[in-house]
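Per the UniProt record's numbering: the sequence shown = residues 1 to 389. For glycine and all other residues, C-beta sits at the position ideal for the given N, C-alpha and C. Below: the structure, in structure tokens.
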Amino acid sequence: MKFTLISSCVALAIMAVEAAPSGDKKLSIPLTINSDYTPSAKNSIQKAIAKYSKHRIVSNNGTSTDGVGSVPMTDYSYDVEYYGEVTVGTPGIKLRLDFDTGSSDLWFASTLCTGCSRSQNKYNPNQSSTYAADGRTWSISYGDGSTASGILATDTVTLGGLKIKQQTIELAKRESSSFSSGPNDGLLGLGFNTITTVRGIKTPMDNLISQGLISQPIFGVYLGKKSTGGGGEYIFGGYDSSKFKGSLTTIPVDNSNGWYGITVKGTTINGVSVGSSFTGILDTGTTLLILPNKIAAAVARAYGATDNYDGTYTISCDTTRLKPLVFSIGSSTFQVPVDSLIFQKVGSRCYAGFGYADYDFAIIGDTFLKNNYVVFNQKVPQVQIAPIA
């Protein structure tokens, strides 16, 4: 995902976490909201397409004593993106990172960077006593032409007081402007380690597990909505049962491509089927719900939405004319409610919270995830989903 800069506004208090057996270790990461941003549905679609583009090129070249900690995170305005503060180095510098289940790298701006924004927080390897050079390089390029590259190293990474030792980090030495013009300083990937830019390195989630910082290989994700105050939280090693209704539905994950892939068995609107089954990738780093062309066209017809021929749709601004979008997943159904069907209003036009791309899979982004609580399990692999409370 690309990075754009913004400052945080409101901190959300840490929420209670699900009770666990004695000795269980968890990391709770609350989210906060920022209201100074005008969203763009088109940009959100383009960023997701660039992220999953077939033309993407990769090159191989404070301490917690009880296992519980919190890191304030920011809901980037109109639920465009969610990021939180992570401390890197000794003494540490706080970096704003995009928490992204659709990728697996931990990379960020550094003082070695040419072209990084002056507004970005930058990690300085010369100021950390726990820094160790790796000797390898990394680079990444996306289908839209944006690029970044730099060097690998290891250092201490602290999440909510939990210190990950000798975590592999990727320091940006060069960034194209599209990376440095946004709300954060870098990215913390939560996908599987098979899709790291440099093969064979451990992700932060790998190390949280192997270093005994969390006792369960899971993390629960609640993404707040601006309309209800924003915020949200990540909980590593557990989940918050107060954030969802009913019981969690367990769904197997296909991680053969390094992502959290699930099967959506059907799609209905007002009780009428509008599509057959498809594979979807659960991606906290993508703003919208991006559907395969045929499924998206059927959904758009049902809502009377107009194709803007850029991956987005214009939809009625009158919510009384809309019905929830319902997906059959596992043994349950999960909704995108009416209020999330409208992503952005520009003048008298409303842009839909769903779009399309020329893929045979869906990218199930925050349009869905901010309405449904998800527990991600890296070891089984599987997810558990329930509607938010």
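- In this structure V374 is buried. Its beta-carbon is surrounded by 16 or more other beta-carbon atoms within 10 angstroms.
- Here DSSP, grouped into helix, strand and coil, assigns L187 to strand.
- Annotation for R199: no beta strand (DSSP E) segment contains it, and DSSP assigns it neither H nor E.
- N184 sits buried, since 16 or more C-beta atoms from the chains shown fall within 10 Å of its C-beta.
- DSSP places P217 in the coil class of the three-state scheme, outside both helix and strand.
- Beyond the five residues adjoining it in sequence on each side, P252 comes within less than 7 Å, by CB distance, of Q382 in the same chain, given in chain order.
- Ranked by Cα distance from K345, the options P337, V326, Q127 and T319 are led by T319.
- Within a 10 Å sphere around the beta-carbon of S149 sit 16 or more other beta-carbons, which makes this residue buried.
- Relative to the Cα of L171, the nearest Cα in the group N193, A133 and G191 belongs to A133.
- The stretch 292-310 and the stretch 240-248 do not touch, with fewer than three beta-carbon pairs separated by less than 8 Å.
- DSSP places A302 in the uninterrupted alpha helix (DSSP H) bounded by N293 to Y303.
- Within the model, the alpha-carbon separation for Q211 versus T147 is close to 33 Å.
- Put simply, the backbone Cα of C113 is about 33 Å away from that of I364.
- Between D155 and the set S119, W138, T90 and L322, the nearest pair of CA atoms involves T90.
- Here R321 carries a helix assignment [DSSP, helix/strand/coil].
- Excluding the 5 residues flanking it on each side, D283 has same chain C-beta neighbours closer than 7 Å at T101, G102, I363, I364 and G365, in chain order.
- CA-to-CA, the gap between V380 and W259 works out to about 13 Å.
- Taken through DSSP and simplified to helix, strand or coil, A133 comes out as strand.
- In the three-state scheme derived from DSSP, where H, G and I count as helix and E and B as strand, S332 is classed as strand.
- T194 sits exposed, since fewer than 16 C-beta atoms from the chains shown fall within 10 Å of its C-beta.
- Proximity to I169 across T196, G191 and A352 peaks at T196, based on C-alpha coordinates.
- Distance from the CA of I269 to the CA of T74, rounded to the nearest whole angstrom, comes to 32 Å.
- DSSP places L369 within a helical segment (H, G or I) once states are collapsed to three.
- When the five nearest sequence neighbours on each side are left out, the beta carbons in the same chain lying within less than 7 Å of the beta carbon of P217 are those of I209, N377, Q378 and K379, in order along the chain.
- Taking 8 Å as the upper bound for CB-CB distance, V326 and N371 are not in contact here, some 11 Å apart.
- Following the DSSP letters along the chain, one finds D339 in no beta strand (DSSP E) but inside the alpha helix (DSSP H) bounded by residues V338 to L341.
- For F236, there is no enclosing alpha helix (DSSP H); the residue is part of the beta strand (DSSP E) that begins and ends at G232 to F236.
- For S180, there is no enclosing beta strand (DSSP E); the enclosing alpha helix (DSSP H) covers residues S177 to S180.
- P292 is the residue among G330, F334 and P292 whose C-alpha sits nearest the C-alpha of G355.
- If you look at L97, you'll find it in the beta strand (DSSP E) that goes I93 to D100.
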